[in-house]
Amino acid sequence: MKISIVTPSYNSEKYITETIESIKQQSYKNFEHIIVDGKSTDNTVKILQMYPHLHWISEKDNGQTDALNKGFRLASGDILAWQNADDLYFPDTFEKVIKFFKENPETDIIYGYYELIDSTSNFVCKVKPIAWNFWLFKHGRFVPMQPTVFWRRKVYEEIGDLDTTLHYCMDVDFFAKASKKFKFSLVPQFLGKFRVHNQSKTQNSVNYKALIKEYNVVMAKNFDLTIFNKIIMRLFQWRRELGSFIRIK
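Everything in the sequence shown is counted per UniProt numbering, starting at 1 for the first residue and increasing by one.
Okay, here's the thing in structure tokens:
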């Protein structure tokens, strides 16, 4: 089984080498790494040129979602995933992924445990998500962490491209569509490292309101939410906001 990893990038010189290396050094070698760069103006392209194993293009695009779609159209693997240009995998992640898919043929999409790291790759904490729970996902309490998610090719072939009108929650939209047709499973092992830093699009406090607005639009589009459902979802969001406020204080 071949794994295809797509990485969208733009002016990613600060972190992309570490991301490339975390994939290049995998113990499971049957993979391809496709990087779709948005014509970076920093040294990103020079870094890409140093790695002959990469499949990469650098051209103007319409943002991260457009870049991901370009990459998935080029992908030839049996298992697909995307890894952003600042996040990482563990050295044996692919090995664990392939083993789980082979042993669980009924599972179509997997996600796992992850670590949070800071801007200098220092360990912050370990996070162990809950087993897949459709009700909690539908109500905004739980979303698989994207750097740990992998899916069979048939999922992409059935669902198609990511929604290019979305800037923050294209993964949530993809998961929502997939949740209606395919089986999700938690792999109770550490698969990815998610970097926490102020330059991240989804972690920047300036973008938070826009992110929540888009998230709510995505959920309403994919699910028939009643007023009660929306209240429950908003309560979960307030809980998250309160938790963030307490940590900051």
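Glycine is no exception: its CB is placed at the ideal position from the N, C-alpha and C atoms.
Item: Alpha helix (DSSP H) runs wholly inside the UniProt domain "Glycosyltransferase 2-like" (4 to 121), at least 4 long, in chain order; Value: 16 to 24, 44 to 48, 64 to 74, 93 to 103
Item: Boundaries (first-last residue) of the beta strand (DSSP E) holding F123; Value: 123 to 127
Item: Within the stretch 127 to 204, ranges of the alpha helix (DSSP H) (whole runs, at least 4 residues); Value: 134 to 138, 153 to 159, 170 to 179
Item: Secondary structure of F223, DSSP reduced to three states; Value: coil
Item: Minimum C-alpha distance to V6 - residue among L74, K39, D42, E59; Value: L74
Item: For M1, three-class secondary structure by DSSP; Value: coil
Item: Y113 versus I130: straight-line alpha-carbon distance, rounded; Value: 9 Å
Item: Length of the line joining the Cα atoms of T165 and F174; Value: 13 Å
Item: Proximity of S4 and G63 at Cβ, strictly below 8 Å; Value: no
Item: Pair within 8 Å by beta-carbon distance, I57 and H139; Value: no
Item: DSSP state of M233 mapped onto helix, strand, coil; Value: helix
Item: Proximal residues to K60 (C-beta, below 6 Å), its chain only, five neighbours per side dropped; Value: K39
Item: Residue burial classification, W135 (beta-carbon count within 10 angstroms, cutoff 16); Value: exposed
Item: T202 versus T17 - alpha carbon distance; Value: Low confidence applies to T202: its pLDDT is 49, below 50, so where it sits in the model is not reliable, and the reading given next is rough at best. Straight-line Cα distance between these residues: approximately 21 Å.
Item: Same chain, Cβ closer than 6 Å to R195, five either side skipped, listed in chain order; Value: D86, D87, I117
Item: Supposed close pair V97, I109 - CB separation, criterion 8 Å; Value: With a Cβ gap of about 11 Å, V97 and I109 do not count as contacting.
Item: E158 to K181 span [Cα, whole Å]; Value: 9 Å
Item: Cβ separation of I79 and F101, assumed to be a contact under 8 Å, to the nearest whole Å; Value: 6 Å
Item: S244 classed as buried or exposed, judged by whether at least 16 other C-beta atoms fall within 10 angstroms; Value: Any answer about S244 is weak, because its pLDDT of 48 lies below 50 and its placement is not dependable; what the coordinates show is given next. By the neighbour-count rule (16 or more Cβ atoms within 10 Å), S244 is not buried but exposed.
Item: For M145, the nearest candidate out of V218, M219, A81 (CA to CA); Value: A81
Item: Pick from N229, E13, I35 that is closest to F137, judged by C-alpha positions; Value: N229
Item: Distance between V217 and M34 (C-alpha atoms, nearest Å); Value: First, the residue type needs correcting, since residue 34 is Ile and not Met in the sequence shown. Using only the alpha carbons, I get a separation of about 30 Å.
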